[in-house]
Amino acid sequence: MAILTITEAAKLFGKSRTTLYKHNKSGALSFVSGSDGKPAVDMAEMLRVFGSVHGTSVHNTQNEHFNTPTLNTEHDLLEEKIAALQEVIRRQDELLRKADDREKWLQERLERSQQQIQALIHQPSEQQPPSAKRKKWWPW
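Residues 1 to 140 in UniProt numbering are what the sequence shown lists, from first letter to last.
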């Protein structure tokens, strides 16, 4: 699934960053290292610990009457979540593209190395002229 920064996860699930760090320290939530080396959390891990994304419920149990401001607020909230998820998808696509580029570069490097090895193996060995017998340094 998607890897979220601590701030993104906190906003998406309606929790504070401190709460996420406390859950991590207690062992209820595990962090991973993000692409920039900073702590991050997997979306699946957040769903496991906190359940659904904050505010996804359209049905309001306290108030059965849906008035226009409430609908607009919920609509805006859903639009923000869609935008956040689209950003996550964009980042994942970027990471995938970078991984593909890295794999392609490594494959080309491997092929060049193999060609160099084959060239060295099949290269005719040059006969070195016999060297003159060396004089001993010690006279005895």
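A virtual CB, placed ideally from N, CA and C, is assigned to each residue, including glycine.
Model, not experiment: these values are computed from the prediction.
Check, Outcome
"Beta carbon of L12 nearer than 8 Å to that of L20", "no"
"Between the CA atoms of K15 and N60 - distance to the nearest angstrom", "Low local confidence applies: a pLDDT of 44 at N60 is under 50, so the model's placement there is unreliable, and no value is given."
"In DSSP terms, what S33 is bridged to", "P39"
"Per-residue burial, E79 [other beta carbons within 10 Å of its own, 16 or more giving buried]", "exposed"
"Span separating the alpha-carbon of L47 from that of F31", "13 Å"
"Buried versus exposed call for L29 [16 or more other C-beta atoms within 10 Å across all chains shown]", "buried"
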